[in-house]
Amino acid sequence: MGLDVGWAQEWVRRTARVVAEHRAELSELDRAIGDGDHGENLNRGFTAVVAKLDALDPPPAQVGDVLKLVATTLMSTVGGAAGPLYGTAYLRAAKVTGLDELDAAAVVAMVEAGLEGIVARGKAVPGEKTMVDAWTPAANAAQAAAADGADPAGVLDAAARAAEEGAVATDPLVATKGRASYLGERSAGHRDPGAASSALVLRAAAEAASGTGTGAS
Amino acid sequence: MTVALVLVSHSALVARGTAELAAQMAPDVRLLPAGGLPVGDGEEIGTSLDRVLDAVTEGLADGDVVVLTDLGSAVLTAETALEMLDDDDARRVRTPSAPFVEGAVAAAVAAQQGGDVDAVANAAEAAGRPADGGAPGSPLGAPAPAPTGDDAGGHAAEAPGHPAGGDTPGDVVRATAVLRNPLGLHARPAALLARHVAATGVPVRVQGVDGASVLGLMALGAVGGDELTIEASGPGAAEVVAGVVELVEGGFGEA
Chain U
13 MGLDVGWAQE
23 WVRRTARVVA
33 EHRAELSELD
43 RAIGDGDHGE
53 NLNRGFTAVV
63 AKLDALDPPP
73 AQVGDVLKLV
83 ATTLMSTVGG
93 AAGPLYGTAY
103 LRAAKVTGLD
113 ELDAAAVVAM
123 VEAGLEGIVA
133 RGKAVPGEKT
143 MVDAWTPAAN
153 AAQAAAADGA
163 DPAGVLDAAA
173 RAAEEGAVAT
183 DPLVATKGRA
193 SYLGERSAGH
203 RDPGAASSAL
213 VLRAAAEAAS
223 GTGTGAS
Chain Y
452 MTVALVLVSH
462 SALVARGTAE
472 LAAQMAPDVR
482 LLPAGGLPVG
492 DGEEIGTSLD
502 RVLDAVTEGL
512 ADGDVVVLTD
522 LGSAVLTAET
532 ALEMLDDDDA
542 RRVRTPSAPF
552 VEGAVAAAVA
562 AQQGGDVDAV
572 ANAAEAAGRP
582 ADGGAPGSPL
592 GAPAPAPTGD
602 DAGGHAAEAP
612 GHPAGGDTPG
622 DVVRATAVLR
632 NPLGLHARPA
642 ALLARHVAAT
652 GVPVRVQGVD
662 GASVLGLMAL
672 GAVGGDELTI
682 EASGPGAAEV
692 VAGVVELVEG
702 GFGEA
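The listed protein sequences correspond, in order, to chains U and Y. The numbering of the first sequence is my numbering, which starts it at 13 and goes up by one. The numbering of the second sequence is my numbering, which starts it at 452 and goes up by one.
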């Protein structure tokens, strides 16, 4: 069955819960190789998103409506690089999800659009120890899963798992982008916070689709 | 067409402080700080898309805009803001890659001197390059170890880039002047001197650096008691050199 606006709202609310639960951990990762505020920034952003979602009148009709709200809210409330990066990801995703329901192909398009947005904004390539190192394998896995006949929930599950693995794979990398790049070699041995949060975001999408998980891990 | 500067910093204090610094040297330029992230009733470190958009829009109301940014994510925020403008407005904005404070100062001076948006943006970027003694757009380029007359396209009525072949090396007017104010060629006097030189349109070298370059003059680190050698050539050189000597010996109002 397709993923509709109800799924999109559930995704957002799960993301907000997960980000709130993990905010200290995300900021800790960011303290090691950044300016220490990634968790707080995302928490503030998604808290604002949920508040706006609750207040939307009339309620959103299409998946893209929800994603666009996420985009503009994050852009305005998240003060670091994550604001423009996630904001552009959700904005591009919103552009391809002006639909009542997403089938597997549409889910792939959504994840790919998210990646495109991040790359267009931040200009990172894989291997630089950034969010791109989670979103690239996620988009590839989504495409492979859909080609294999997975349903939308299956596509998202594959994307989430690839993002989680991608985040772990950032551990040994030396950052060549963003605030972490100032640390050079010393950035190796730490997980990239943006990749870690990306994995949480995509896992929340998958759990909202399959109706499993509690939003905590 | 005036050029306004939008100063995007993660810190509201840095943005405002930089505006203050630049204003000392560019009293007529609109400097629009857009730093910090409003959170609740207060403010935190970060960049605000809304603040940046508001400042850029304000700048665009009266002219073109050059946006300066501090660290990487300020660039992302600035670029996100630009994407929200319509094409005509976006065309009137530049986002040079420059060190924040030095770039703001150089850009402000260029704007004060009447530079267009590209000249102002170039001035900011040049601030990030090793000082070669030549301000962007200056007809002088890199300093020569000994003065020569052959790089002076000096007639005020002629466009820069006047071919050097016709100039005679014997035209150099040289004078010395001793700095009387204790702090010498710090920011304010450097700016006064640079504006004076730029306004004459005659290329002048002060201690071998371009006299129209604020940063070049400041980089000399000349202090009270130091003797400066002032050189110019071509039409108007004598008068300009005399004017610079007068400024220096007048102590810039600080002696």
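Note that CB positions come from ideal geometry on N, CA and C, so glycine has one too. Note that this is a predicted model, so its numbers are computed, not measured.
Going by DSSP, ASP515 of chain Y is part of the beta strand (DSSP E) stretching over 514 to 520. Using a CB distance cut-off of 8 Å, ALA162 of chain U does not count as an interface residue toward chain Y.
With respect to the 8 Å criterion, ALA175 of chain U and ALA158 of chain U are not classified as neighbours on the basis of their beta carbons. If you draw a straight line from the Cα of ALA221 of chain U to the Cα of ALA165 of chain U, it is about 5 Å long. Within the DSSP secondary-structure output, ALA626 of chain Y pairs in a beta bridge with Y:ILE681. Two segments are said to touch when three or more pairs of C-beta atoms, one from each, lie closer than 8 Å; by this definition the region 477 to 492 of chain Y does not touch the region 191 to 211 of chain U. ALA60 of chain U does not reach chain Y, its nearest Cβ partner there being about 10 Å away, counting only Cβ pairs nearer than 9 Å. Measuring C-alpha to C-alpha distances from GLN563 of chain Y to each of Y:MET476, Y:VAL699, Y:ASP501 and Y:VAL457 identifies Y:MET476 as the nearest. When 9 Å is used as the limit between beta carbons, THR100 of chain U is near these residues of chain Y: LEU527, THR531 and GLU534, in chain order.
Cβ-Cβ distances below 6 Å link ALA20 of chain U to VAL75 and VAL78 in the same chain, with the five nearest sequence neighbours on each side left out; the list follows chain order.
Non-local beta-carbon contacts of ALA93 of chain U in its own chain, meaning distances under 8 Å to residues more than five positions away in sequence, involve GLY134, GLY190, ARG191 and GLY206 in chain order. In the three-state DSSP reduction, PRO489 of chain Y falls in the strand class (E or B).
Per DSSP, reduced to three states, the secondary structure at ARG467 of chain Y is helical. Between LEU456 of chain Y and ALA555 of chain Y, the C-beta spacing is below 8 Å.
Per DSSP, the beta-bridge partners of GLU495 of chain Y are Y:LEU488.
Sorting U:GLY14, U:VAL61, U:VAL120 and U:SER88 by C-alpha distance to the C-alpha of ARG26 of chain U places U:VAL61 at the top. Residues of chain U whose Cβ lies closer than 9 Å to the Cβ of GLY497 of chain Y are, in chain order, ASP49, ASN53, VAL90, GLY91, GLY92 and GLY95. With 16 or more other Cβ atoms from the protein chains shown falling within 10 Å of its own Cβ, ALA218 of chain U counts as buried.
LEU698 of chain Y and GLY579 of chain Y have their C-alpha atoms roughly 28 Å apart.
Contact annotation for GLY190 of chain U against chain Y: GLY523 and SER524 [CB-CB distance below 9 Å, chain order]. Going by C-alpha positions, ARG502 of chain Y is about 24 Å away from MET452 of chain Y. In this structure, THR546 of chain Y lies away from VAL571 of chain Y, with their beta-carbon atoms at least 8 Å apart.
Within the region 66 to 113 of chain U, the complete alpha helix (DSSP H) segments at least 4 residues long are 75 to 89 and 94 to 107, listed from N- to C-terminus.
Chain order gives no chain U residues near ASP479 of chain Y, where near means a beta carbon separation below 7 Å; the closest approach is about 32 Å.
The straight-line gap separating the alpha-carbon atoms of ALA683 of chain Y and ALA473 of chain Y is approximately 28 Å. Excluding residues up to 5 positions away in sequence, VAL624, ARG625, ALA626, VAL655, ILE681, GLU682 and ALA683 lie with their Cβ nearer than 8 Å to the Cβ of VAL692 of chain Y in the same chain.
Just measuring C-alpha positions, the residue of Y:GLY662, Y:VAL674, Y:SER524 and Y:ALA688 sitting nearest VAL648 of chain Y is Y:GLY662. Taking C-alpha positions only, VAL137 of chain U is separated from VAL144 of chain U by approximately 7 Å. For THR508 of chain Y, the secondary structure class from DSSP, reduced to helix, strand or coil, is helix. Interface with chain Y (8 Å Cβ-Cβ cutoff): MET87 of chain U is included.
Residue pairing for THR453 of chain Y: DSSP places it in a beta bridge opposite Y:GLY514.
Legend: CB atoms of the region 126 to 139 of chain U lying less than 7 Å from CB atoms of chain Y belong to residues ARG133 and GLY134.
Non-local C-beta neighbours of PRO489 of chain Y in its own chain, meaning closer than 7 Å and more than five positions away in sequence, comprise SER499, ordered along the chain. Going by DSSP, ARG631 of chain Y is part of no alpha helix (DSSP H) at all; its letter is neither H nor E. Setting aside the 5 residues that flank it on each side, GLY48 of chain U is surrounded in the same chain by SER39 and ASP42, each with a C-beta closer than 6 Å to its C-beta; the list follows chain order. VAL480 of chain Y counts as buried, since no fewer than 16 other beta carbons sit within 10 angstroms of its beta carbon.
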